[in-house]
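Numbering (this note's numbering), first residue to last: 123 to 274. Below is one structure, written out as structure tokens; comments come after it.
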């Protein structure tokens, strides 16, 4: 008697490359004005997974992102720029801790730091955060970005 179990035979596992999220390619040669290196591939992959609602891809990519303060700040910057372009500025609910809203305190902290326009302070502030704080900021930024992209 062997260890074989009755039932359907197991099919081959799909290749890892068969699962992808399209439409968020950020050129690798894009240089941030401050000379910082943002992992554009990671940022594009995470944004695509979030847009598609794929948590099985999003969670490990988010873990990689929060290990990189510069790329995390880049995501927050992207979300802030999108809101600024849509509304002509950032609402207080995204920068002021005393105003009710959906933005996490960590996101507000970074958005508030970047209000000077150069965003150098935002990147510096993100470097001072713990990984869990960066994760909270990144989650708000992803929600904001996906909302913007969903509107077309």
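Ideal Cβ positions, reconstructed from N, Cα and C, are used throughout, including at glycine.
Hey, out of the options, whose CA is closest to residue i's CA?
i, options, result
"residue 243", "214, 177, 254, 191", "191"
"residue 269", "220, 204, 228", "204"
"residue 157", "193, 171, 188", "193"
"residue 181", "266, 263, 257, 267", "257"
"residue 162", "187, 220, 271", "187"
"residue 240", "179, 167, 195", "195"
Which class does residue i belong to by DSSP, given the choice of helix, strand or coil?
i, result
"residue 189", "coil"
"residue 212", "coil"
"residue 161", "coil"
Alpha carbon to alpha carbon, how far is residue i from residue j?
i, j, result
"residue 177", "residue 215", "26 Å"
"residue 275", "residue 250", "Because residue 275 is not part of the residues shown, which for the chain are 123 to 274, the question remains open."
"residue 252", "residue 172", "22 Å"
"residue 255", "residue 217", "16 Å"
Does any C-beta atom of chain C lie closer than 8 Å to the C-beta of residue i?
i, result
"residue 270", "Chain labels in this structure do not include chain C; a single protein chain is all it has."
Starting from residue i, trace the alpha helix (DSSP H) both ways and give me its first and last residue.
i, result
"residue 271", "253-272"
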